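Read left to right, the sequence shown gives residues 1490 to 1781 (my numbering). No residue lacks a Cβ here, since even glycine has one placed at the ideal position from N, Cα and C. These numbers were taken from a predicted model, which means no experiment stands behind them. What follows is one structure encoded as structure tokens, with my remarks underneath.
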Amino acid sequence: TSTREVVLVMGVPGAGKSTAARAWVERGYERLNRDELGGTLRGIAKRLDGKLAEGVDKLVLDNTYLSRASRADVVRIAHARGARVRCVHVEVSLADAQRNVVERMLERHGELLAGADLARVAKIDPNVFGPTVLHRALRDLEPPDDDEGLEAIERAPFVRADVAHGAAAAIVSGDALWGPGWKPHSTTLEAAREAAPTGPWLVYAWRPDDGEAWAERARAEVAALSEGSRPIDVYTCVHAPGPPTCWCRPPLPGLAVAFARARSADLSRSLVIAPPHHRTFADNLGARFSAS
């Protein structure tokens, strides 16, 4: 049996392929990654051929490889050079992938990109893209099969690392917090105080028509709530209806993930207080939910 091995790490964007590949690099495998090297999957396949021809025996390729055809090039080249191919399919839910994409965007660029800014940065950073790209990737995914010439197929479910000592937060919809005339709902305030006795609050809203004016008024109303030194942030999505060009329109996770990052909050310990149709937003965050 050949000791030469190519590990093909596949999965949709945001699945956690880079993390999976690092474990193989630590075991002595040389990494070929399109995001780092540029070019196309076919170009990566040519680099693989060159590395095997040079005598490199262990390589890991972590790219999307969503289709059988894209994987076939790797298998063909590896077999021609006497190497077996192990496929590691990093499996992830849509909600986890969305959150991972947002967290990576915040880490790399320091803000939630949207619209023209997102499109501009996407041209130079392959890790930046809109929500529709992820939906398309999940639609196009062809899971690996035994008849592809793979020595082994491993399925690696994505597991989110725990946030050490993150604060429990209250994530409150503006519609749940205020009624007509900006009168606070006492039951919402009580639920928020119970959920986050000392932790931060996020007041969020999607306001495509009056976002800036609403946010300014909301901040003034928040200051009047007499919550002491507790931080209460107001985040709004102002982007238009239709297919999303941003990551901040609920139920997409952008606003809450940006808040959690800024305030060191643990979303799994936090409570979303919002109208019933926001339950998906809470589920996408891995947070608890209270309908208001």
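Suppose the cutoff is 7 angstroms on Cβ atoms and the five residues either side in sequence are ignored; what does the same chain contact list for residue i look like?
| i | result |
| --- | --- |
| Gly1513 | The residue you asked about is not Gly; residue 1513 is Trp in the sequence shown. Val1496, Val1549, listed in sequence order. |
| Pro1732 | Thr1621 |
| Thr1677 | Val1661, Ala1665, Leu1666, Ile1762, Ser1781 |
| Glu1640 | Arg1573, Val1574, Arg1575 |
| Gly1668 | His1674 |
| Gly1505 | Val1579, Val1581, Asn1589, Phe1647 |
Tell me whether residue i is buried or exposed, calling it buried when 16 or more other Cβ atoms sit within 10 Å of its Cβ.
| i | result |
| --- | --- |
| Thr1769 | exposed |
| Leu1526 | exposed |
| Pro1730 | exposed |
| Asp1524 | exposed |
| Gly1544 | exposed |
| Thr1725 | buried |
| Gly1517 | exposed |
| Gly1532 | exposed |
| Asp1585 | buried |
| Arg1588 | buried |
| Ser1759 | buried |
| Gly1688 | buried |
| Ser1715 | exposed |
| Ser1718 | exposed |
| Ser1556 | exposed |
| Pro1697 | exposed |
| Ala1558 | exposed |
| Gly1528 | exposed |
| Ala1569 | exposed |
| Glu1500 | Reading the sequence as shown, one finds Gly at residue 1500 and not Glu. Buried. |
| Pro1567 | Note that residue 1567 corresponds to Ala in the displayed sequence, not to Pro. Classification for Ala1567: buried. |
If residue i and residue j are in contact, beta carbons under 8 angstroms, what's the gap, nearest whole angstrom?
| i | j | result |
| --- | --- | --- |
| Glu1502 | Leu1630 | According to the sequence as given, residue 1502 is Pro; it is not Glu. At roughly 11 angstroms, the Cβ-Cβ gap does not stay under 8 angstroms, so Pro1502 and Leu1630 are not in contact. |
| Gly1571 | Ser1491 | 5 angstroms |
| Asp1755 | Ala1685 | The Cβ separation is near 11 angstroms, so there is no contact. |
| Val1591 | Ala1645 | Not quite, the Cβ-Cβ distance comes to about 22 angstroms (not below 8 angstroms), so this is no contact. |
| Leu1601 | Gly1743 | 5 angstroms |
| Ala1713 | Ala1681 | Their Cβ separation, rounded to whole angstroms, is 15 angstroms, which puts Ala1713 and Ala1681 out of contact at 8 angstroms. |
| Arg1738 | Trp1695 | 5 angstroms |
| Val1746 | Leu1595 | 7 angstroms |
| Gly1655 | Ser1753 | 6 angstroms |
| Leu1627 | Leu1691 | Not really, about 28 angstroms apart at Cβ, beyond 8 angstroms. |
Among residues of its own chain, excluding the 5 on either side of residue i, which ones have a beta-carbon nearer than 6 angstroms to its beta-carbon?
| i | result |
| --- | --- |
| Gly1604 | Thr1734 |
| Phe1778 | Val1761, Arg1768, Ala1771 |
| Ile1721 | Trp1690, Val1711 |
For residue i, collect the residues of the same chain with a Cβ closer than 8 angstroms to its Cβ; drop the 5 residues on either side in sequence, then sort them by chain order.
| i | result |
| --- | --- |
| Arg1520 | Ala1510, Trp1513, Val1514, Leu1548, Val1549, Leu1550, Asp1551 |
| Trp1671 | Arg1706, Glu1710 |
The stretch 1608-1619 / the stretch 1536-1546 touching (three or more Cβ pairs under 8 angstroms): no
Inter-stretch contact at 8 angstroms, needing at least 3 Cβ pairs: the stretch 1548-1564 / the stretch 1703-1713: no
Complete runs of the beta strand (DSSP E) confined to the stretch 1715-1750 [at least 3 residues]: 1721-1726
Beta strand (DSSP E) runs wholly inside the stretch 1637-1698, at least 3 long, in chain order: 1641-1646, 1659-1662, 1690-1695
Complete alpha helix (DSSP H) runs within the stretch 1512-1550 (minimum length 4 residues, chain order): 1523-1526, 1530-1543
Sequence ranges, alpha helix (DSSP H) only - wholly within the stretch 1610-1635, length at least 4: 1620-1629
Continuous alpha helix (DSSP H) assignments of at least 4 residues falling wholly in the stretch 1543-1594: 1557-1569
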